[in-house]
Amino acid sequence: MQGKRILLIVGGGIAAYKSLDLVRRLKERGASVRVILTSGGAEFVTPLSFSVLSEEKTFTDLFDLKDEAEIGHIRLSREADLVVVAPATADLLAKMAHGLADDLASTVLLATDKTVLVAPAMNVRMWQHAATQRNLGTLRADRIHVVGPDEGEMACGEYGPGRMTEPAAIVEAIGALLGAKAAAPRATPRLVSDSAKPLSGRHVLITSGPTQEPIDPVRYIANRSSGKQGHALAKAAAALGAEVTLVSGPVTLPDPQGVRVVKVDTAHEMLAAVEAALPADIAICAAAVADWRAADEAPHKLKKPRQVSEATLKLSLNPDILSTLAKKGPKRPRLVIGFAAETEDLIENATAKRARKGADWIVANDVWPGTGAMGGDQTQIHLITAQGVEDWPAMSKDEMAARLLARVADAFAAMRPAAE
Ligand code: CTP
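Right, dumping it as structure tokens:
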């Protein structure tokens, strides 16, 4: 971080005091820090405290004409390598999402073409409110990076997600973003010309749809998956310039354009097709693979035994494609993403699934019949990563796919280059 210039915007909230520690840590690592304190932030921490720690003037008001003459908001942004908003209040996030610019902080945020990282902090209900989640969705689509919030006891006495993530974690996120820039320079990452094809040259492998496990020549075991989500992901990856292999179980959807489609029926065939498609940079397992297959597939149509009211079908466990892909080794895609379709204890089960299967991210969604997720066009997901759980608002499967792939492109850009 030596020599890097951070522009830190401190919003109003009790977490503002933690940003003092953030400045100290960044300075310790050799970064220079300039602070913009909003009027809300100044209610909690004085400009002087930040000036002492940062050894720079703290900027507080757009309409201070002297400052405008000395150093305008454009220069503040131009002279930074990264803009960090910590704490990012619900109000600041809303302003950013809607492009409002009525004070120095929001004006800089609207004017900057630098990478922006936000560390939200607010009351749990404000965090969970549909408006905040909608704004976050917009910001992510605008390629704004988000770290946290953490879950825990809040200053207001409530418990839940909303606490600003610890300064050490913010420093880590800053390091990753600055490192990424050093590894793969993107002069103006939010300009369309630079970011329109961020996955070009990458191979994205996606599984989609159900599998059908034959019992006999006319019967099979399957599930209600339509393949809409997996196919939407393939389309979104191709739109970002990736080379895409879509391994699909039986669906009634048309093949997405610009995508290599491999059609399979069973879990075994899906695994073989996936292994044949390797190497891949990114794997997304969206297929609803049947966990079980008939232990002995009958060569002829099974006849119903007479005078018997019960029968038993012997099943064998199918291979787990996601776990196989996520296994450590030279062939492991650098980013492996799985889905967790659950009807109960969604977050708990999905978090356990991420660890059990070795995936980097899990997209958790509630597939209780009433939600309409299975087979429908809408979805509401929770993204589970090493950093925690993000609750995304309800949206169409196409929109979710576009946003997830934008996140994938960001994460991939932030990774160190593979040792080749
Ligand atoms: N998956 C897979 N191969 C399997 C089963 C599942 O690749 N044989 C993948 C799915 O594509 C999905 C993830 O694993 O990305 C989780 O699938 P899910 O059906 O939710 O989990 P299960 O493995 O069936 O676990 P459980 O029975 O505990 O729900």
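Position 318 of the sequence shown, counting from 1, maps to 362 under the working numbering, and the rest follow consecutively. Just so you know, even glycine gets a beta-carbon here, dropped at the ideal spot from N, CA and C.
- Task: Please determine, among A458, L448, A457, the residue with the shortest C-alpha to C-alpha distance to A185.
- Result: Within the sequence shown, the letter at position 141 stands for residue 185. Closest in alpha carbon position to A185, among A458, L448, A457, is L448.
- Whole-angstrom distance between I391 and E195, CA atom to CA atom: Within the sequence shown, numbered from 1, the residue matching residue 195 stands at position 151. Within the sequence shown, numbered from 1, the residue matching residue 391 stands at position 347. Whole-angstrom Cα-Cα distance: 13 Å.
- Message: Could you compute how far the alpha carbon of G192 sits from the alpha carbon of A163?
- Response: Indexing the sequence shown from 1 puts residue 192 at position 148. Indexing the sequence shown from 1 puts residue 163 at position 119. Each residue's Cα considered, the two are about 6 Å apart.
- Item | Cβ shell of A321 (< 6 Å), same chain only, five flanking positions each side left out | Counting from 1 along the sequence shown, the entry for residue 321 is found at position 277. So the list reads L249, T289, once near-sequence residues are dropped.
- Query: Measuring CA to CA, which of H247, L243, V262 is closest to A283?
  - Reply: The residue you call residue 283 lines up with position 239 of the sequence shown. If we check each option's Cα against that of A283, L243 comes out closest.
- Neighbourhood of K101 by C-beta distance below 7 Å, restricted to the same chain and skipping five residues each side: In the sequence shown, counting from the first residue as 1, residue 101 sits at position 57. Result list for K101: S95, in chain order.
- According to DSSP, is A228 helix, strand or coil? Numbered from its first residue, the sequence shown carries residue 228 at position 184. For A228, the pLDDT reaches just 35, beneath the cut-off of 50, and the residue's location in the model is therefore unreliable, although a value from the coordinates is still provided. Coil, per DSSP.
- Item | Short Cβ contact (9 Å threshold) for A408 with I381 | Position 364 of the sequence shown, counted from the start, is the residue given in the question as residue 408. Position 337 of the sequence shown, counted from the start, is the residue given in the question as residue 381. Taking 9 Å as the Cβ cut-off, A408 and I381 do not qualify as a contacting pair.
- Task: State yes or no: is the C-beta of D335 nearer than 8 Å to some heavy atom of the ligand CTP?
- Result: For this step, residue 335 is matched to residue 291 along the sequence shown. D335: yes, Cβ under 8 Å from the ligand CTP.
- Query: What residues match up with E287 in a beta bridge as DSSP calls it?
  - Reply: The sequence position of residue 287 within the sequence shown is 243, counting from 1. For E287, which the question treats as bridged, DSSP gives the partners H247.
- Query: Under the three-state reduction of DSSP, which class applies to A332: helix, strand or coil?
  - Reply: The residue given as residue 332 occupies position 288 in the sequence shown. Of the three classes helix, strand and coil, the one that applies to A332 here is strand, per DSSP.
- Please classify I58: does DSSP put it in a helix, a strand, or coil? For this step, residue 58 is matched to residue 14 along the sequence shown. Residue state, collapsed to three classes: coil.
- Task: Using three-state DSSP, classify E405 as helix, strand or coil.
- Result: Taking the first residue of the sequence shown as 1, we reach residue 405 at position 361. The sequence shown places Trp at residue 405, not Glu. If DSSP states are grouped into helix, strand and coil, W405 belongs with the strands.
- Message: When you compare the CB positions of L51 and V127, do they come within less than 9 Å of one another, or not?
- Response: As a first step, residue 51 is located in the sequence shown; it is residue number 7 there, counting from the start. As a first step, residue 127 is located in the sequence shown; it is residue number 83 there, counting from the start. Yes; because the gap between Cβ atoms is below 9 Å, this pair is in contact.
- Item | Residue from Q256, N393, V190, T209 with nearest C-alpha to T197 | Taking the sequence shown and counting its residues from 1, the one referred to as residue 197 is at position 153. In the sequence as presented, Thr is not what sits at residue 197; that position holds Glu. Closest by alpha carbon: T209.
- Query: For T159, which of L222, R304, G74 has the nearest alpha-carbon?
  - Reply: If you number the sequence shown from 1, residue 159 lands on position 115. Closest option to T159, Cα to Cα, is L222.
- Message: Taking a contact to mean a Cβ-Cβ separation below 9 Å, would you say P131 touches G253 in this structure?
- Response: Translated into the one-based positions of the sequence shown, residue 131 becomes position 87. Translated into the one-based positions of the sequence shown, residue 253 becomes position 209. Contact check for P131 against G253 fails: the beta carbons are separated by 9 Å or more.
- Just reading off the alpha helix (DSSP H) that V308 is part of, what are its end residues? Residue mapping note: residue 308 aligns to position 264 of the sequence shown, counting from 1. First-last for V308: undefined, no H or E at that position.
- Message: Is any non-hydrogen atom of the ligand CTP found closer than 8 Å to the C-beta of E386, if you look at the structure I gave you?
- Response: By one-based count along the sequence shown, residue 386 stands at place 342. Flag set: Cβ of E386 near the ligand CTP.
- Query: Taking only beta-carbon atoms, is I118 less than 9 Å away from chain B?
  - Reply: Checking the listed chains, one finds no chain B in this structure; it contains a single protein chain.
- Message: Only counting the same chain, and skipping five residues up and downstream in sequence, which positions put a Cβ closer than 8 Å to that of L137?
- Response: In the sequence shown, the residue the question calls residue 137 occupies position 93. Here the set comprises V162, P164, T176, N179, L180, L183.
- Task: For E354, count neighbouring Cβ atoms within 10 angstroms of its own Cβ and tell me buried if that reaches 16, exposed if not.
- Result: Stepping through the sequence shown from its first residue, residue 354 is reached at position 310. Around the C-beta of E354, fewer than 16 other C-beta atoms lie within 10 Å, and the residue is accordingly described as exposed.
- With a cut-off of 8 Å on the beta carbons, I'd call E257 and R337 a contact; round off their distance for me. Position 213 of the sequence shown, counted from the start, is the residue given in the question as residue 257. Position 293 of the sequence shown, counted from the start, is the residue given in the question as residue 337. About 4 Å; that satisfies the 8 Å criterion.
- Query: Which term fits S83, buried or exposed, when burial requires 16 or more other beta carbons within 10 angstroms of its beta carbon?
  - Reply: Locating residue 83 in the sequence shown gives position 39, counting from the first residue. Under this definition S83 is an exposed residue.
- Query: For F88, which three-state DSSP category applies?
  - Reply: Within the sequence shown, residue 88 is the residue found at index 44, counting from 1. DSSP places F88 in coil when its eight states are reduced to three.
- Task: Report yes if the CB atom of Q241 is closer than 9 Å to the CB atom of G201, and no otherwise.
- Result: On the sequence shown, residue 241 is found 197 positions in, with the first residue counted as 1. On the sequence shown, residue 201 is found 157 positions in, with the first residue counted as 1. Strictly speaking, residue 241 in this sequence is Lys, with Gln absent from that position. The answer is no: Cβ separation not under 9 Å.
- Query: Out of curiosity, what's the CA-to-CA distance linking K348 and R263?
  - Reply: Start at 1 with the first residue of the sequence shown, and residue 348 comes out as number 304. Start at 1 with the first residue of the sequence shown, and residue 263 comes out as number 219. C-alpha of K348 to C-alpha of R263: approximately 13 Å in a straight line.
- Message: Relative to the C-alpha of D404, which candidate in F383, V306, P300, T255 has its C-alpha closest?
- Response: Here residue 404 corresponds to residue number 360 of the sequence shown, with the count starting at 1. Of the listed residues, the one whose Cα sits closest to D404 is F383.
- Query: Who are F383's beta bridge partners in DSSP?
  - Reply: For this step, residue 383 is matched to residue 339 along the sequence shown. F383 pairs with V407.
- Task: Report whether the distance from the Cβ of T251 to the nearest heavy atom of the ligand CTP is below 8 Å.
- Result: Along the sequence shown, one-based indexing puts residue 251 at 207. T251: yes, Cβ under 8 Å from the ligand CTP.
- Message: Measuring only from the beta carbon, is S367 closer than 8 Å to any heavy atom that is part of the ligand CTP?
- Response: As a first step, residue 367 must be located in the sequence shown, where it is residue number 323. Under cutoff, so the answer is yes.
- Query: Measuring CA to CA, which of D325, A278, G293 is closest to R304?
  - Reply: Along the sequence shown, read from residue 1 onward, the residue named residue 304 stands at position 260. It is A278.
- Query: Using 8 Å as the threshold, is the stretch 260-275 in touch with the stretch 297-314, meaning 3 or more CB pairs across them?
  - Reply: They touch, by the three-pair rule.
- Item | Simplified DSSP assignment, three categories, for E356 | If you number the sequence shown from 1, residue 356 lands on position 312. Contrary to the premise, residue 356 reads as Thr rather than Glu in this sequence. Note: T356 maps to coil in three-state DSSP.
- Limits of the beta strand (DSSP E) - the one that R207 falls within: As a working mapping, residue 207 is identified with position 163 in the sequence shown. 203-207 is the span of the beta strand (DSSP E), which, as asked, contains R207.
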